[in-house]
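Trainee: Heads up, the sequence shown is in our numbering, so the first residue is 64 and it goes up one at a time. Here it is: the structure, laid out below.
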Amino acid sequence: MSGSDAHSYLIAYDIVDDRRRDRVAKHLQAYGDRLQYSVFWVRTSPAKIIRLQASLGSLVNQREDSVLICDLGLGNVRASGRVTTIGRFRPLTAEGALVV
64 MSGSDAHSYL IAYDIVDDRR RDRVAKHLQA YGDRLQYSVF WVRTSPAKII
114 RLQASLGSLV NQREDSVLIC DLGLGNVRAS GRVTTIGRFR PLTAEGALVV
C-alpha cells in the first residue's frame with residue numbers, strides 16, 4: 064500500500080462487557096493508535112478496513128455494543144488541519160510504521 068492509498072479512520076466504541084472491551088482495544092492497537100480510552104486513529108487501505116470491520120464484528124455483541132468507524136479520507140488529516148486537538152497531544156505512529 065502506498066501512502067497515497069491510505070485513508071485515515073477514527074474508530075470509537077462503546078462496549079458493555081469488560082472482557083469484550085479489552086479484546087476490542089487489543090485488536091485495534093494492532094491497527095493504529097489509541098487517542099483516548101475508546102477512540103483509535105487508524106491509517107490503512109479501504110480493503111484492510113473492511114477486514115477490520117469483519118473481525119470487530121466477531122468480537123462485539125451486536126445487540127449490546129457499538130463501534131463507530133469514520134472514514135476521514137485520504138492523506139494525513141491531522142497535518143491538513145481537518146482534525147484539531149485541544150489539550151494534551153497524543154503522538155501518532157509514524158506513517159508507514161505497523162504496530163503488531
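Note that beta-carbon positions come from the ideal geometry of N, C-alpha and C, so glycine has one too. Given the structure is predicted, the values throughout are model-derived calculations rather than measurements.
Indicate whether Ala75 and Val102 have their beta-carbon atoms separated by less than 7 Å.
Mentor: yes
Trainee: DSSP state of Ala69, grouped into three classes?
Mentor: coil
Trainee: Please report the Cβ distance between His90 and Ser118, rounded to the nearest whole angstrom; I am assuming they are in contact, meaning their Cβ atoms lie under 8 Å.
Mentor: 7 Å
Trainee: Considering Cα atoms alone, identify which of Arg82, Asp68, Asp77, Gly150 is closest to Leu131.
Mentor: Checked all of Arg82, Asp68, Asp77, Gly150; the closest Cα to Leu131 is Asp77.
Trainee: Grab the span of the alpha helix (DSSP H) containing Asp96 for me, first residue to last.
Mentor: That residue, Asp96, is in no alpha helix (DSSP H); its beta strand (DSSP E) goes 96–99.
Trainee: On the DSSP letters alone, give me the boundaries of the beta strand (DSSP E) that Val130 sits inside.
Mentor: From DSSP, the beta strand (DSSP E) with Val130 extends over 129–137.
Trainee: Relative to the C-alpha of Ser71, which residue among Asp80, Val79, Gly95, Val87 is closest?
Mentor: Gly95
Trainee: If the criterion is Cβ atoms closer than 7 Å, does the pair Arg86 and Leu122 meet it?
Mentor: yes
Trainee: For the alpha helix (DSSP H) that contains Arg86, what are its first and last residues?
Mentor: 81–92
Trainee: Leaving out five residues before and five after Thr107 in sequence, what residues of the same chain have Cβ atoms less than 8 Å from its Cβ?
Mentor: Met64, Ala69, His70, Tyr72, Tyr94, Gly95, Leu115
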